[in-house]
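Below is one structure, written out as C-alpha cells; the observations come after it.
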Amino acid sequence: MYFLTSYLYALLVLLVTSSNAQEKKDQNVKVQVYYESLCPFAKAFIVNQLSPTMKGNLSRYVNLELIPYGKATQVHLANGTTQYNCHHGIQECYGNRIQACVDTQIANSNQAEYLNFVSCFMGNLTTGIEKKQVDDALQRCLRAPLDVDQIRNCTTSALGDKFIEDNADITNRFQNPLRNVPTIVLNGIYSESESSRAEKNFRSVLCSKINWEKPKECANLPNKGGESNKIYIGTLFIALLSILCV
1 MYFLTSYLYA LLVLLVTSSN AQEKKDQNVK VQVYYESLCP FAKAFIVNQL SPTMKGNLSR
61 YVNLELIPYG KATQVHLANG TTQYNCHHGI QECYGNRIQA CVDTQIANSN QAEYLNFVSC
121 FMGNLTTGIE KKQVDDALQR CLRAPLDVDQ IRNCTTSALG DKFIEDNADI TNRFQNPLRN
181 VPTIVLNGIY SESESSRAEK NFRSVLCSKI NWEKPKECAN LPNKGGESNK IYIGTLFIAL
241 LSILCV
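Using the UniProt record's numbering, read the sequence shown as starting at 1 and increasing by one per residue.
Here's what the structure looks like:
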C-alpha cells in the first residue's frame with residue numbers, strides 16, 4: 001500500500017508540473033511592436049516602458065517581436081530593385097536596417113540581449129541626425145561577439161534587403177499604411193485604445209494579459225490567473241484519495 005501511495009503521489013506531482021510548464025509556455029503573451037528608428041514616441045516607449053518592464057521577471061511571460069519599419073513606403077524601380085522612403089528620412093532607413101540585421105543575429109537566441117541593444121541604440125538616436133551619429137550609436141551599443149563592420153555590411157547587402165523587405169511585408173499585412181508609431185499588438189489582436197494604454201503603461205497592460213498565476217510584479221492587479229490549475233490539481237487530488245480509499 002505504501003508503494004502504491006508513493007507511486008501515485010509521484011505521478012500526481014509529475015502530471016501537475018508537466019501541465020503547469022506546458023500551460024505557461026502556451027500562454028506566454030505575444031507582443032508585437034511596429035515602430036521606426038527615429039520616431040520620438042517609439043523611442044520613449046522602448047526606452048522608458050518596454051525595456052524596463054522586460055528587464056525583470058516579466059520577460060519570462062512574453063514572446064516579443066520587434067518590427068522596425070513603421071511608416072516607410074516602397075518604390076519598385078525599373079531595374080528590379082526596391083527603394084524605401086522612410087518617415088524621418090534616409091538615416092531612419094539606415095537605423096531600421098541596422099536593427100533588422102542585429103535581430104537576425106541574436107533575437108531568436110537571446111530576447112533580452114536584443115532588446116538591450118535596441119533600447120541603447122534607440123536611446124542614442126534623435127531626428128535630424130547624420131549617418132556618423134547612427135554609426136556612433138551602433139558602435140556604442142553593439143556587444144561582442146557581434147562586429148560593427150559585419151552589421152554595417154549587412155545593411156547594404158542582399159541579405160539586408162531581404163530583412164527589411166520581410167519587415168515591410170509583416171507591417172503591410174498588418175496595416176497599410178501603418179497609422180500609429182509605435183503600434184503595440186498583444187496576442188495577435190489589435191486595439192488602438194489598448195495600444196495607446198500600453199505605450200503609456202506597458203507593465204499594467206501586460207499584466208492584464210497574463211491569464212495564469214501572475215508574478216509579484218503584477219501584485220497591484222486582480223489575479224485572475226491560476227484558477228484552471230487549482231481546479232486541475234484539486235480534481236487529481238480527489239482522484240488520488242478515491243484510489244487510496246478503495
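All residues carry an ideal CB built from backbone N, CA and C; glycine is no exception.
Item	Value
Neighbourhood of residue 155 by C-beta, 7 angstroms cutoff - its chain only, sequence neighbours within 5 removed	94, 97, 98, 101
Residue 53: first and last residue of the uninterrupted alpha helix (DSSP H) it sits in	51–54
Rounded distance between the beta-carbons of residue 141 and residue 121, thought under 8 angstroms	5 angstroms
Euclidean distance between Cα positions of residue 21 and residue 133	Residue placement at residue 21 cannot be trusted, given a pLDDT of 43 that sits under 50; the coordinates are not used to answer.
Classification of residue 112 by the beta-carbon crowding that lies within 10 angstroms, buried from 16 upward	exposed
Selection from 27, 214, 35 that minimises the alpha carbon distance to residue 182	35
Contact under 7 angstroms by Cβ, residue 174 with residue 49	no
Residue burial classification, residue 131 (beta-carbon count within 10 angstroms, cutoff 16)	exposed
Where the beta strand (DSSP E) through residue 74 begins and ends	73–76
Residue(s) in a DSSP beta bridge with residue 64	31
Cβ-based burial, residue 192 [other Cβ within 10 Å; buried from 16]	exposed
With 16 other Cβ atoms within 10 Å as the buried cut-off, status of residue 41	exposed
Residue closest to residue 47, alpha-carbon to alpha-carbon, out of 216, 117, 63, 60	117
Pair within 7 angstroms by beta-carbon distance, residue 63 and residue 215	no
Counterpart residues of residue 142 in DSSP-defined beta bridges	DSSP, once it has assigned bridges, lists no residue as partnering residue 142.
For residue 82, the three-state DSSP class (helix, strand or coil)	strand
Where residue 37 falls, given that 16 or more other Cβ within 10 Å makes a residue buried	buried
The beta strand (DSSP E) enclosing residue 159, as first and last residue numbers	Unbroken run through residue 159 is the alpha helix (DSSP H), 158–174; no beta strand (DSSP E).
For residue 184, the first and last residue of its enclosing beta strand (DSSP E)	183–186
Residue 8 in three-state terms, based on DSSP	For residue 8, the pLDDT reaches just 46, beneath the cut-off of 50, and the residue's location in the model is therefore unreliable, although a value from the coordinates is still provided. Helix, per DSSP.
Of the residues 28, 200, 143, 213, the one placed nearest residue 43, counting alpha carbons only	200
Cα-Cα separation between residue 27 and residue 77, rounded to whole angstroms	44 angstroms
Limits of the alpha helix (DSSP H) - the one that residue 112 falls within	111–123
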